[in-house]
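Contents: one structure, followed by commentary.
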Amino acid sequence: MSENRKYNYPNRLSIVRFFLDAEGVRRNPIPFHKRYFEQFGDSFSLKIGVSKHIILSRDNEIAQYILQKNQKNYHKSKFQSVYLSKYLGKGLLTVDGDFWLKQRRLIQPAFHKQKMNQLVENMNLTITSELNNLVEGESIDVFPVMSQLAFNVVAKSLFQLSISDEKLNRIKFIIEEVQNFLIKEIRLPHKAWWFSLSGQVKKHLELAEENNSIIHEIIEERMTSKEEINDLLNMLLETRYEDTEEGMSVKQLVDEIKVLFIAGHETTANALTFTLHLLGRNPDVQQKVLDEILEIESQTENIVEQLQKMTYTNAVLNESMRLYPPAWITDRQNVTDDTLAGFHIKKETLIGVSFYELHRNPKYWENPDEFIPERFLGEQKKMSMQYFYPFGAGPRMCIGAGFAIYEMCLTIAQIVKKYEIKSSTDTVQFNPLITLKPLGVEVSFSKR
């Protein structure tokens, strides 16, 4: 039987159209994906060369299948495992298989709710400190403010007292430089020779190594310190592998901390920026959030108890992440031939799931482009959660989801309580990099 008859794929995007659209896709793939889905249905495919197949989907059945139901047959693609690991090392974000499982089991307890509750007080103090610098009464680009806040929350949660502002700023600079270059490498593979020849790869590898050295130094200082500090670094240093009862090597710990910085800072900054824009566009929703916060604070002063009662605020954040998922796309490759959603696919097919499009798929969402927080309240919430992927799904779901929700709820609560938020624009622009990065989202904050 010929290969063409043995396998069947979703409707195919022609290679000619792919190359004609390539430059536009490189700048912003989302409008192109939207057009392709409207033309071809909830999944479409692309064949490159003789045997390389790519599928892009907004089908919930496919998302569930590759991320949860048959996730053992679907590993991270080379985009994630090769490109990312070159700069990030071998942390949770970049590894697969038995080693990933071993690391996940080791690190997971540090992110259990009970442990997170221990970090809340320090998290809240950091947020308060950052918001003291908020510019009042004029329209500002809010993303840099939220980016600095989210970065410092992660940093202070990881290294409560162990790092200078100078080192922190250097880590932030390196992470942003490396990520921007990484996107170039992924989107312009035909220029790989030039990136190498011009010294750009070498330069960014040296930056990544400098980052390793800074984090390594912080860990070494902590290991020789006799001071008891209740932060994530301490929790990670205390973890032990089940089989050997030994802790992580310093090199492995450096890799995991880099992942926590990247995964825990920009995604949260994105979500907060989009949420502030939506609150500024919807004063009625903003008022409901304020009413909830004031009511909760009249009931208890305990921050953890307050967080557990923020039902409506949580719904607002969920609806914001539905419309603008911070991690807007994911991909996997199947280890063996497989059948999913009626398609029989060859091993090593690259499958992308666009959470951005799935979250706006009219098959699953009524009025999908409208901001309706009530989707995530009461009975409606049960239905909505079936098609909602703000932190991925399955065993590889984001390990820091609880941490991020706590941080976002505390930030929104503090801002709404103190300020009236107004958006300066009707719509938002964004740049889909590894995360969905907001562009020029201008908001003003006026004292209540």
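Each number in our numbering comes from the position in the sequence shown (counting from 1) with 721 added on. Glycine included, every Cβ here is placed at the ideal spot set by N, Cα and C. Here the structure is a predicted model, which means the values were calculated and not measured.
*Can you check whether the CB of residue 877 is closer than 8 Å to the CB of residue 849?*
On the sequence shown, position 128 is the one that residue 849 refers to. On the sequence shown, position 156 is the one that residue 877 refers to. Their beta carbons are not under 8 Å apart, which means residue 849 does not touch residue 877 by this criterion.
*If you scan the segment 762 to 827 from start to end, which runs of the alpha helix (DSSP H) of 4 or more residues do you find wholly inside it?*
For the segment 762 to 827, whole alpha helix (DSSP H) runs of length 4 or above, ordered along the chain, are 781 to 785, 806 to 809.
*Write down the C-beta distance between residue 671 and residue 733 rounded to the nearest angstrom, noting that I regard them as a contact closer than 8 Å.*
With the chain covering 722 to 1169 only, the question about residue 671 has no answer from this structure.
*Give a yes or no on whether the C-beta atoms belonging to residue 795 and residue 961 are separated by under 8 Å.*
If you number the sequence shown from 1, residue 795 lands on position 74. If you number the sequence shown from 1, residue 961 lands on position 240. Not a contact, by the Cβ cut-off of 8 Å.
*Could you spell out the range, first to last residue, of the beta strand (DSSP E) harbouring residue 1071?*
Along the sequence shown, one-based indexing puts residue 1071 at 350. Per DSSP, residue 1071 belongs to the beta strand (DSSP E) from 1071 to 1075.
*Bridge partners of residue 886, per DSSP?*
Against the sequence shown, residue 886 aligns to sequence position 165. According to DSSP, which records beta bridges pairwise, residue 886 is partnered with nothing at all.
*How would you write the range of the beta strand (DSSP E) that residue 1053 sits in, first residue to last?*
Along the sequence shown, one-based indexing puts residue 1053 at 332. Per DSSP, residue 1053 belongs to the beta strand (DSSP E) from 1050 to 1055.
*Rounded to a whole number of angstroms, what is the C-alpha to C-alpha distance between residue 723 and residue 875?*
Taking the sequence shown and counting its residues from 1, the one referred to as residue 723 is at position 2. Taking the sequence shown and counting its residues from 1, the one referred to as residue 875 is at position 154. Bear in mind that a pLDDT of 44 at residue 723, under 50, signals an unreliable position, so the number given afterwards is only what the model happens to contain. Spanning the two alpha carbons is a distance of roughly 53 Å.
_For chain D, check one thing: does any of its Cβ atoms lie closer than 8 Å to the Cβ of residue 749?_
The structure shown has no chain D; it contains just one protein chain.
*State the Cα-Cα distance for the pair residue 972 and residue 937, rounded to the nearest angstrom.*
Translated into positions along the sequence shown, residue 972 becomes position 251. Translated into positions along the sequence shown, residue 937 becomes position 216. Going by C-alpha positions, residue 972 is about 7 Å away from residue 937.
_Candidates 1150, 1040, 1045, 1044, of which the one nearest residue 1098 by Cα_ = The residue labelled residue 1098 in the question sits at position 377 within the sequence shown. Checking every option, the nearest Cα to that of residue 1098 belongs to 1040.
*asked:* If you reduce the DSSP assignment to three classes, tell me which class residue 1113 lands in.
replied: Indexing the sequence shown from 1 puts residue 1113 at position 392. Three-state result, residue 1113: strand.
*For residue 1123, which residues from the same chain have a beta carbon less than 7 Å from its beta carbon, with the 5 sequence-adjacent residues on both sides left out?*
Here the question's residue 1123 lines up with position 402 in the sequence shown. Excluding sequence neighbours, residue 1123 sits near 832, 834, 837.
_residue 762 classed as buried or exposed, judged by whether at least 16 other C-beta atoms fall within 10 angstroms_ = Numbered from 1 along the sequence shown, position 41 holds the residue referred to as residue 762. Result: exposed.
*How do the segment 796 to 803 and the segment 1102 to 1111 stand: do at least 3 beta-carbon pairs fall below 8 Å, yes or no?*
Contact fails between the segment 796 to 803 and the segment 1102 to 1111, because fewer than three Cβ pairs, one in each stretch, are under 8 Å apart.
_residue 732 - DSSP class collapsed to helix/strand/coil_ = Start at 1 with the first residue of the sequence shown, and residue 732 comes out as number 11. Coil.
*Identify the continuous beta strand (DSSP E) that holds residue 1059 and give its terminal residues.*
Reading the sequence shown from its first residue, position 338 is the one you call residue 1059. Start and end: 1059 to 1061.
*Rounded to the nearest angstrom, how far is the Cβ of residue 1129 from that of residue 992, given a contact under 8 Å?*
Working through the sequence shown from its first residue, we reach residue 1129 at position 408. Working through the sequence shown from its first residue, we reach residue 992 at position 271. Between the beta-carbon of residue 1129 and that of residue 992 there is about 6 Å, and that keeps the pair under the 8 Å contact cut.
*Is the beta carbon of residue 952 less than 8 Å from the beta carbon of residue 1028?*
As a position in the sequence shown, residue 952 is number 231, starting the count at 1. As a position in the sequence shown, residue 1028 is number 307, starting the count at 1. No, the pair does not count as a contact, with Cβ atoms beyond the cut-off.
*From the DSSP output, read off the bridge partner residues of residue 1140.*
Here the question's residue 1140 lines up with position 419 in the sequence shown. Note: residue 1140 sits in a beta bridge opposite 1168.
*asked:* Output needed for residue 864: all residues of its chain with C-beta closer than 7 Å, excluding positions within five of it in sequence on either side, in chain order.
replied: The residue given as residue 864 occupies position 143 in the sequence shown. Hits under 7 Å: 990, 994, 1159, 1162.
*Does the beta-carbon distance from residue 1046 to residue 1085 come in below 8 Å?*
Walking along the sequence shown from the start, residue 1046 turns up at place 325. Walking along the sequence shown from the start, residue 1085 turns up at place 364. In this structure, residue 1046 lies away from residue 1085, with their beta-carbon atoms at least 8 Å apart.
*Could you tell me which residues DSSP pairs with residue 1150 in its beta bridges?*
Taking the sequence shown and counting its residues from 1, one reaches residue 1150 at position 429. Answer by DSSP bridge pairing, in chain order: 1160.
*Helix, strand or coil at residue 1092 according to DSSP, with G and I counted as helix*: On the sequence shown, position 371 is the one that residue 1092 refers to. DSSP, reduced to helix, strand and coil, places residue 1092 outside both helices and strands of the structure shown, so it counts as coil.
*Reducing DSSP to helix, strand and coil, say where residue 937 ends up.*
What you label residue 937 is simply residue 216 of the sequence shown in a count that begins at 1. In this structure, residue 937 counts as helix in the three-state DSSP scheme.
*asked:* So, for residue 1044: in the same chain, excluding its five sequence neighbours on each side, which residues have a beta-carbon less than 8 Å away from its beta-carbon?
replied: Here residue 1044 refers to the residue found at position 323 of the sequence shown. Same-chain partners within the cutoff: 995, 999, 1080, 1081, 1090, 1092.
*Take the Cβ of residue 830 as the centre, count every other Cβ of all protein chains shown within 10 Å, and call the residue buried at 16 or more, exposed below.*
Within the sequence shown, the letter at position 109 stands for residue 830. Residue environment for residue 830: exposed (fewer than 16 other C-beta atoms within 10 angstroms of its C-beta).
*How should residue 1149 be labelled, buried or exposed, when 16 other C-beta atoms within 10 angstroms of its C-beta is the threshold for buried?*
In the sequence shown, the residue the question calls residue 1149 occupies position 428. Result: buried.
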